[in-house]
Amino acid sequence: MPSDSSSPAGRVLGPQLLPGALVLRRDARTLQIGTGPGVTIRDRPGLGRVLRLLDGSLPLPLLARAVARDVPDFTDDLTDTLTRLVAAGAVIAPPAEPVPRVAVRHDRSTSQFARLLRDGLGPPAIEPEVEVLVSAGEPARSTFEVLVAAGIAHLPVVLGEGRVRIGPFVVPGTSSCLGCLDALLTSFDPAWAALVPQFERTRLLPVGLPPRLLLQAAAETINQVECLLRGQRPSTLGRTLALGPEHGDADLRAVPLAGACSCGLLAA
């Protein structure tokens with residue numbers, strides 16, 4: 030039997046018997062798959078053992094190899110057999126592999142958190158529609174300026190001092206950006222403008238946030254990205270969401286477009 034570890038994170042990689050369906054024998058020549066009402070098929074040498082390999086963990090090439098090795102008396106064409114079983118509703122074909130649409134980038138301090146995001150968002154896209162950029166402490170602004178100029182949607186995630194800040198989610202030409210956030214913060218604290226250039230320095234910062242908060246922040250980040258990919262408006266579009274360690278500690282704040290910010294030229 031295939032190992033449970035062969036299918037990462039429970040993903041269906043290959044043909045799979047209808048979940049919950051038993052492989053039963055009706056008579057000497059007939060098998061039945063499932064009971065509700067079930068699908069009857071003519072038995073063939075080795076077919077029962079082949080059916081029991083169909084747990085979704087093996088892509089078709091590996092499944093064919095396993096059948097040839099472990100069920101030598103099965104001599105029918107495996108692909109034709111699976112095609113008939115899928116048509117009969119007894120076997121589920123593996124879903125088409127989704128085209129990667131998101132890339133997750135991170136600094137040296139946040140690789141573990143980035144791994145949580147990749148587990149949820151899938152393999153990285155070569156030419157992403159959306160980039161998620163994770164940093165410990167405030168990130169270098171130059172990276173985001175490049176993304177704005179390139180018209181790539183992006184979501185900064187900052188693992189800060191006791192809190193996680195998600196956003197603003199930036200869709201260039203549509204929403205405010207990280208530069209607009211800096212302008213807003215500078216309006217409250219003029220010295221903020223002197224701090225921003227210092228964020229360009231490379232550094233290695235420890236992440237001391239509690240695991241529960243990191244998991245919550247990862248789930249929320251994935252939710253925000255998937256919302257945009259579905260064509261919906263994520264709550265962090267042009268806003269920041271600050272998550273704290275206490276239950277319900279969430280602060281969503283609007284980031285208005287700054288008149289002097291270069292992202293305003295795209296929206297004009």
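Numbering (the numbering used here), first residue to last: 30 to 297. Using N, Cα and C, we set each Cβ at its ideal position, and we do this for glycine too.
By DSSP, does residue 198 sit in helix, in strand, or in coil?
-> One-based indexing of the sequence shown puts residue 198 at position 169. Annotated three-state conformation of residue 198 is strand, per DSSP.
Looking only at its own chain, which residues have a Cβ that is under 7 Å from the Cβ of residue 107, when we skip the five neighbours before and after it?
-> One-based indexing of the sequence shown puts residue 107 at position 78. So the list reads 93 and 96, once near-sequence residues are dropped.
In terms of alpha-carbon separation, which member of 210, 235 and 288 lies closest to residue 141?
-> Translated into positions along the sequence shown, residue 141 becomes position 112. Minimum Cα-Cα distance from residue 141 among the listed residues 210, 235 and 288 corresponds to 235.
Would you call residue 136 buried or exposed, if buried means 16 or more other Cβ atoms sit within 10 Å of its Cβ?
-> For the purposes of this step, residue 136 is taken as the residue at position 107 of the sequence shown. A buried status is given to residue 136, since no fewer than 16 other beta-carbon atoms sit within 10 Å of its beta-carbon.
Any idea what DSSP makes of residue 181, helix, strand or coil?
-> Start at 1 with the first residue of the sequence shown, and residue 181 comes out as number 152. In this structure, residue 181 counts as coil in the three-state DSSP scheme.
Pick from 248, 252 and 45: whose alpha carbon is nearest that of residue 80?
-> Taking the first residue of the sequence shown as 1, we reach residue 80 at position 51. When C-alpha distances from residue 80 are compared across 248, 252 and 45, the shortest belongs to 45.
Whole-angstrom distance between residue 89 and residue 229, CA atom to CA atom = One-based indexing of the sequence shown puts residue 229 at position 200. One-based indexing of the sequence shown puts residue 89 at position 60. Distance between residue 229 and residue 89, taken at the CA atoms: about 48 Å.
Which of helix, strand or coil does DSSP assign to residue 103?
-> One-based indexing of the sequence shown puts residue 103 at position 74. For residue 103, the secondary structure class from DSSP, reduced to helix, strand or coil, is coil.
Are there three or more Cβ pairs, one per stretch, closer than 8 Å when the segment 59-73 is compared with the segment 115-125?
-> Touching, yes.
Roughly how many angstroms lie between the CA atoms of residue 99 and residue 73, to the nearest whole one?
-> Numbered from its first residue, the sequence shown carries residue 99 at position 70. Numbered from its first residue, the sequence shown carries residue 73 at position 44. For residue 99 and residue 73, the distance between alpha carbons rounds to 15 Å.
Going by Cα to Cα distance, which pick from 288, 147, 83 and 76 is closest to residue 304?
-> Residue coverage of the chain in this structure runs from 30 to 297, which leaves residue 304 outside it and unanswerable.
Name the DSSP bridge partner or partners of residue 115?
-> Here the question's residue 115 lines up with position 86 in the sequence shown. According to DSSP, which records beta bridges pairwise, residue 115 is partnered with nothing at all.
Just mark residue 220 as buried or exposed, buried being the case when its beta carbon has 16 or more other beta carbons within 10 Å.
-> Here residue 220 refers to the residue found at position 191 when the sequence shown is read from its first residue. Classified as exposed, residue 220 has fewer than 16 neighbouring CB atoms from the shown chains inside 10 Å of its CB.
Does DSSP put residue 96 in a helix, a strand or coil?
-> On the sequence shown, position 67 is the one that residue 96 refers to. Here residue 96 sits in helix by DSSP.
Taking just the CA atoms, how far does residue 156 sit from residue 182?
-> If you number the sequence shown from 1, residue 182 lands on position 153. If you number the sequence shown from 1, residue 156 lands on position 127. Computed Cα separation, rounded: 12 Å.
Name the DSSP bridge partner or partners of residue 164?
-> The residue labelled residue 164 in the question sits at position 135 within the sequence shown. The beta-bridge partner set that DSSP reports for residue 164 consists of 187.
At least 3 beta-carbon pairs within less than 8 Å: the segment 237-256 vs the segment 143-154 | In short, these stretches touch, since the Cβ pair count reaches three.
DSSP-derived helix/strand/coil call for residue 265 | Stepping through the sequence shown from its first residue, residue 265 is reached at position 236. Residue 265: coil per DSSP, three-state reduction.
Around the C-beta of residue 30, are 16 or more other C-beta atoms found within 10 angstroms, so that it is buried, or is it exposed?
-> Counted from its first residue, the sequence shown places residue 30 at position 1. Caution is warranted here: a pLDDT of 43 is assigned to residue 30, below 50, making its placement in the model unreliable, and the coordinate value is therefore given only provisionally. That one is exposed.
I think residue 191 touches residue 274, with their Cβ atoms under 8 Å apart; what is that distance to the nearest whole Å?
-> As a working note, residue 191 is residue 162 in the sequence shown. As a working note, residue 274 is residue 245 in the sequence shown. Right, the Cβ-Cβ distance comes to about 7 Å (below 8 Å), so this counts as a contact.
Rounded C-alpha distance that separates residue 206 from residue 138 | On the sequence shown, residue 206 is found 177 positions in, with the first residue counted as 1. On the sequence shown, residue 138 is found 109 positions in, with the first residue counted as 1. Annotation: residue 206 to residue 138 spans about 23 Å, alpha carbon to alpha carbon.
Relative to the alpha-carbon of residue 231, which residue among 288, 175 and 165 has its alpha-carbon at the smallest distance?
-> In the sequence shown, residue 231 corresponds to position 202, counting from 1. Here the closest residue by C-alpha is 165.
For residue 211, three-class secondary structure by DSSP | Taking the first residue of the sequence shown as position 1, residue 211 is located at position 182. Reduced to three states, the DSSP call for residue 211 is helix.
Let me know if residue 37 comes out buried or exposed under the rule of 16 or more other beta-carbons within 10 Å of its beta-carbon.
-> Taking the first residue of the sequence shown as 1, we reach residue 37 at position 8. With a pLDDT of only 46 at residue 37, under 50, the local geometry of the prediction cannot be trusted, and the value read off the model is given with reservation. Counting of Cβ neighbours within 10 angstroms places residue 37 among the exposed residues, the total staying below 16.
For residue 194, count neighbouring C-beta atoms within 10 Å of its own C-beta (all shown protein chains included) and say buried if the count is 16 or more, exposed if not.
-> Here residue 194 corresponds to residue number 165 of the sequence shown, with the count starting at 1. Its Cβ being crowded by 16 or more others within 10 Å, residue 194 is buried.
Three-state secondary structure assigned by DSSP to residue 68 | Counting from one through the sequence shown, the residue named residue 68 turns up at place 39. DSSP places residue 68 in strand when its eight states are reduced to three.
Kindly indicate the opening and closing residues of the alpha helix (DSSP H) around residue 54.
-> One-based indexing of the sequence shown puts residue 54 at position 25. No alpha helix (DSSP H) contains residue 54, which is instead part of the beta strand (DSSP E) from 52-56.
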